[in-house]
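Residue numbers (our numbering): 155 to 227.
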(Lines of atoms letter the chains of each structure in order from A and count residues from 1; the text may use other names and numbers.)
(Lines give C-alpha, C1' and ligand atoms only; values in the text may rest on other atoms or scores of the structure.)
Protein backbone atom coordinates (compact mmCIF):
# COMPACT_ATOMS: atom_id res chain seq x y z
CA UNK A 1 0.00 0.00 0.00
CA UNK A 2 1.28 3.45 -0.91
CA UNK A 3 1.18 6.74 0.93
CA UNK A 4 -2.04 8.50 1.89
CA UNK A 5 -2.12 12.21 2.66
CA UNK A 6 -4.13 13.02 5.80
CA UNK A 7 -5.17 16.61 6.55
CA UNK A 8 -7.14 17.64 9.64
CA UNK A 9 -8.75 21.08 9.32
CA UNK A 10 -11.86 23.10 10.13
CA UNK A 11 -12.23 24.78 6.73
CA UNK A 12 -14.12 27.58 8.45
CA UNK A 13 -14.27 28.87 5.78
CA UNK A 14 -12.30 27.00 3.12
CA UNK A 15 -9.83 29.46 1.57
CA UNK A 16 -6.95 29.65 -0.91
CA UNK A 17 -4.43 28.60 1.75
CA UNK A 18 -6.29 25.32 2.23
CA UNK A 19 -6.37 24.74 -1.53
CA UNK A 20 -2.65 25.46 -1.75
CA UNK A 21 -1.91 23.02 1.09
CA UNK A 22 -3.70 20.23 -0.79
CA UNK A 23 -2.02 21.18 -4.07
CA UNK A 24 1.51 21.45 -2.66
CA UNK A 25 1.25 18.29 -0.57
CA UNK A 26 0.04 16.30 -3.55
CA UNK A 27 2.84 17.78 -5.69
CA UNK A 28 5.46 16.64 -3.18
CA UNK A 29 4.08 13.14 -2.60
CA UNK A 30 2.81 12.42 -6.10
CA UNK A 31 -0.39 12.86 -8.06
CA UNK A 32 -1.42 9.26 -7.41
CA UNK A 33 -1.31 9.75 -3.62
CA UNK A 34 -4.88 10.05 -2.28
CA UNK A 35 -5.78 13.06 -0.12
CA UNK A 36 -8.09 12.39 2.84
CA UNK A 37 -9.36 15.44 4.74
CA UNK A 38 -10.99 15.25 8.16
CA UNK A 39 -12.92 18.38 9.09
CA UNK A 40 -15.20 19.67 11.82
CA UNK A 41 -18.96 19.46 11.35
CA UNK A 42 -21.59 22.05 12.20
CA UNK A 43 -19.54 23.34 15.13
CA UNK A 44 -15.81 24.06 15.15
CA UNK A 45 -13.35 22.90 17.80
CA UNK A 46 -13.93 25.97 19.97
CA UNK A 47 -17.66 25.22 20.09
CA UNK A 48 -18.91 28.06 17.90
CA UNK A 49 -21.08 27.42 14.83
CA UNK A 50 -19.24 27.04 11.53
CA UNK A 51 -19.50 29.96 9.11
CA UNK A 52 -20.64 27.72 6.22
CA UNK A 53 -22.53 24.43 6.21
CA UNK A 54 -20.35 21.34 6.48
CA UNK A 55 -21.56 20.15 3.08
CA UNK A 56 -20.42 23.37 1.37
CA UNK A 57 -17.01 23.16 3.07
CA UNK A 58 -16.63 19.49 2.13
CA UNK A 59 -17.57 20.25 -1.47
CA UNK A 60 -14.99 23.05 -1.62
CA UNK A 61 -12.29 20.68 -0.38
CA UNK A 62 -13.30 18.03 -2.93
CA UNK A 63 -13.33 20.56 -5.77
CA UNK A 64 -9.82 21.65 -4.79
CA UNK A 65 -8.31 18.18 -4.86
CA UNK A 66 -9.37 16.18 -1.81
CA UNK A 67 -10.28 12.61 -2.73
CA UNK A 68 -12.26 11.95 0.46
CA UNK A 69 -13.64 14.35 3.08
CA UNK A 70 -14.72 12.96 6.44
CA UNK A 71 -16.43 14.66 9.39
CA UNK A 72 -14.90 14.54 12.86
CA UNK A 73 -17.29 12.88 15.31
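C-beta: ideal position from N, C-alpha, C; glycine also.
Taking C-alpha atoms, which residue in the options lies nearest to residue i?
i           : options            : result
residue 171 : 194, 185, 219, 223 : 219
residue 160 : 203, 193, 166, 197 : 193
residue 179 : 203, 212, 205, 157 : 157
residue 225 : 217, 197, 182      : 197
residue 189 : 173, 204, 202      : 173
residue 168 : 210, 184, 181      : 210
residue 162 : 182, 212, 208, 191 : 191
Can you tell me which of the three DSSP states residue i falls into?
i           : result
residue 160 : strand
residue 222 : strand
residue 197 : strand
On the criterion of 16 or more Cβ atoms from any shown chain inside 10 Å, does residue i qualify as buried, or is it exposed?
i           : result
residue 181 : exposed
Just confirm the distance between the C-beta atoms of residue i and residue j, as a whole number of angstroms; I'd bet it's less than 8 angstroms.
i           : j           : result
residue 207 : residue 223 : Contact doesn't hold; Cβ gap of about 13 angstroms is too wide.
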